[in-house]
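A short write-up of the structure that comes next.
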DNA sequence: AAATTTACTGTACCGGCGGTATGGTTTTCA
DNA sequence: TGAAAACCATACCGCCGGTACAGTAAATTT
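Residue numbers (my numbering), protein chains in the order written: chain D, 356 to 574; chain C, 356 to 574.
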């Protein structure tokens with residue numbers, strides 16, 4: 356009962372690391388059980404097939420990520436009453452979190468799964484999609500709250516800005532790994548943070564006529 | 356000679372689609388040769404092993420992508436002498452290109468490879484890294500050129516902004532796939548475009564003292 | 001036209017892996 | 001103490017990556 360959950364957790368941990376390093380298709384059950392120190396029968400006692408392992412990995416990853424976001428948004432709100440300030444704090448905390456990982460971010464399971472979609476059934480894909488939507492919703496809510504206090508610059512859809520943050524994180528992870536530099540992700544989150552600051556700062560053109568050279572840059 | 360290149364190309368095309376849908380590890384040679392209508396011996400005549408297939412896929416993808424960037428940057432420069440304008444045009448063209456794909460962007464091979472790095476030898480990973488660096492360099496050069504005419508807003512490193520574009524593309528592809536909405540990628544590129552416009556437009560704080568509520572948002 | 005190279009096909013084989021089946025054993029908890 | 005939980009052991013199937021080697025039709029060169 357108790358020990359079963361432990362073994363299950365160990366399997367998931369080992370499998371996740373393997374999936375993020377080699378992909379789901381190349382992750383062999385034999386390898387996982389060898390590292391976990393159990394037999395094949397033991398594995399199939401916990402997961403009836405590889406697809407159920409995938410689903411469990413997915414759910415575990417989403418839960419963990421939700422916890423992190425809960426925490427970091429909560430702390431942001433604690434440290435300031437101003438919605439813009441607290442979101443900026445949240446972003447800063449996230450950047451620190453990502454930068455402090457010893458060997459860089461281990462990778463986003465959602466990203467690996469969307470790039471191996473044909474390996475999973477519809478339920479797994481739907482779980483992933485709804486998780487992504489929920490995270491995007493979080494960011495969008497934070498932005499909307501800010502926009503109710505600070506009018507945003509024109510020409511930017513806040514829904515797109517919210518999604519862009521997810522893009523920057525997933526893209527940042529890929530860039531960090533691809534370039535072999537774990538700090539890229541942290542810098543990207545901070546760059547997005549600067550973008551948010553910029554987005555809610557009034558433009559010169561909102562107040563006075565632009566100088567000649569900015570007329571070219573405008574719409 | 357001629358026919359060999361054709362077959363090779365057909366193999367690469369089929370393999371690429373499979374890799375983007377299932378991952379490299381889950382792409383079976385048997386499946387590829389079945390679809391290509393050749394035998395296993397035929398396959399190993401062209402590629403001595405799976406790793407060589409990976410390398411060929413990589414090089415082909417980079418070449419194709421370089422061609423696209425060459426074209427779209429060239430057309431941007433043709434349509435305006437102003438570096439900011441021509442980059443904005445380039446981004447618009449790219450967004451259109453990505454939006455016009457019938458079933459959405461097929462996926463970024465670099466992204467799949469970085470998420471399956473343990474499957475490839477160092478040469479393949481180095482090729483990918485240098486390609487990414489080269490693309491980031493293109494964006495950074497374009498931004499630097501703009502910055503020499505239009506002073507950029509403070510607090511943003513242009514290197515980071517350049518990398519952010521790569522992040523937005525790769526992240527946008529993941530979001531498009533994960534959410535099942537091909538238009539997300541196009542919208543993300545356009546959102547980044549708005550960001551660039553904002554970046555080179557003067558802020559109110561550069562000209563006059565900010566109103567009370569923006570003082571909170573500042574550094 | 002002959003010789004050579006290119007671009008394959010056919011067959012046979014190996015070991016590893018995902019997955020199933022089945023029966024047994026220890027551990028844990030009520 | 002007894003049942004349920006959490007495994008272990010063994011055997012087996014079919015697919016796949018990869019190797020080896022022998023043969024051949026077509027294109028290209030000489």
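For each residue, glycine too, the CB sits at the ideal point set by N, CA and C.
List, in order along the chain, the chain D residues whose C-beta lies closer than 7 Å to that of residue i?
| i | result |
| --- | --- |
| residue 469 (chain C) | 529, 532 and 533 |
| residue 508 (chain C) | 553 |
| residue 444 (chain C) | Neighbours of residue 444 (chain C) on chain D: none; closest Cβ ~12 Å, over 7 Å. |
| residue 387 (chain C) | Ordered by position in chain D, no residue passes the 7 Å Cβ test against residue 387 (chain C), which lies about 14 Å from the chain. |
| residue 550 (chain C) | 550 |
| residue 384 (chain C) | The contacting residues do not exist; residue 384 (chain C) stays about 13 Å from chain D at best. |
Is the beta carbon of residue i less than 8 Å from the beta carbon of residue j?
| i | j | result |
| --- | --- | --- |
| residue 384 (chain C) | residue 377 (chain C) | no |
| residue 475 (chain C) | residue 406 (chain C) | yes |
| residue 454 (chain D) | residue 538 (chain D) | yes |
| residue 468 (chain C) | residue 413 (chain C) | yes |
Residue i versus chain C: which residues are under 9 Å apart at the beta carbon?
| i | result |
| --- | --- |
| residue 431 (chain D) | In chain order: nothing, as chain C lies at least about 14 Å away. |
| residue 465 (chain D) | 529 and 533 |
What does residue i reach in chain C if we use C-beta pairs closer than 8 Å?
| i | result |
| --- | --- |
| residue 474 (chain D) | 377, 378 and 381 |
| residue 525 (chain D) | 522, 525, 526, 529 and 530 |
Taking the straight line between their C-alpha atoms, what separation do you get for residue i and residue j?
| i | j | result |
| --- | --- | --- |
| residue 368 (chain C) | residue 374 (chain C) | 10 Å |
| residue 430 (chain D) | residue 393 (chain C) | 60 Å |
| residue 568 (chain D) | residue 505 (chain C) | Residue placement at residue 568 (chain D) is poorly supported in this model, since its pLDDT is 44, which falls under 50; the coordinates still yield a value, given next. Approximately 8 Å between the Cα atoms of the pair. |
| residue 532 (chain C) | residue 544 (chain C) | 15 Å |
| residue 603 (chain D) | residue 542 (chain D) | An answer regarding residue 603 (chain D) cannot be provided, because it is not within the stretch 356 to 574 covered by chain D. |
| residue 555 (chain C) | residue 507 (chain C) | 5 Å |
| residue 362 (chain D) | residue 389 (chain D) | 13 Å |
| residue 500 (chain C) | residue 372 (chain D) | 42 Å |
| residue 574 (chain C) | residue 552 (chain C) | Its pLDDT being 37, under 50, residue 574 (chain C) is placed unreliably in this model, and the coordinates cannot settle the point. |
| residue 513 (chain D) | residue 447 (chain D) | 20 Å |
| residue 360 (chain D) | residue 415 (chain C) | 46 Å |
| residue 497 (chain D) | residue 442 (chain D) | 7 Å |
| residue 472 (chain C) | residue 438 (chain D) | 40 Å |
| residue 365 (chain C) | residue 457 (chain C) | 21 Å |
Over what stretch of residues does the alpha helix (DSSP H) that includes residue i continue unbroken?
| i | result |
| --- | --- |
| residue 553 (chain D) | 538 to 554 |
| residue 450 (chain C) | 438 to 454 |
| residue 532 (chain D) | 513 to 534 |
| residue 472 (chain C) | Where residue 472 (chain C) is concerned, there is no enclosing alpha helix (DSSP H), given that its DSSP letter is neither H nor E. |
| residue 435 (chain C) | First-last for residue 435 (chain C): undefined, no H or E at that position. |
| residue 508 (chain C) | Unbroken run through residue 508 (chain C): none, as it is neither H nor E. |
| residue 459 (chain C) | Here residue 459 (chain C) belongs to no alpha helix (DSSP H), and DSSP marks it neither H nor E. |
Cβ closer than 8 Å: which chain D residues qualify as neighbours of residue i?
| i | result |
| --- | --- |
| residue 488 (chain C) | 534 |
| residue 340 (chain C) | Because chain C in this structure spans residues 356 to 574, residue 340 (chain C) falls outside the shown range and cannot be described. |
| residue 483 (chain C) | 533 |
Which residues of chain C have a Cβ atom closer than 7 Å to the Cβ of residue i, listed in chain order?
| i | result |
| --- | --- |
| residue 542 (chain D) | 515 |
Run through chain D and tell me which residues come within less than 9 Å of residue i, C-beta to C-beta.
| i | result |
| --- | --- |
| residue 494 (chain C) | In chain order: nothing, as chain D lies at least about 12 Å away. |
| residue 539 (chain C) | 515, 518 and 522 |
| residue 454 (chain C) | Under the 9 Å cutoff, chain D gives no residues; its nearest Cβ is about 14 Å from residue 454 (chain C). |
| residue 511 (chain C) | 546, 549, 550 and 553 |
Regarding residue i and the ligand FMN, is the C-beta to nearest heavy atom distance less than 7 Å?
| i | result |
| --- | --- |
| residue 486 (chain C) | Absence of the ligand FMN is noted for the structure shown, with no ligands found whatsoever. |
- Task: Ignoring anything shorter than 4 residues or poking outside the stretch 378 to 411 of chain D, list the alpha helix (DSSP H) runs there in chain order.
- Result: 384 to 391 and 395 to 401
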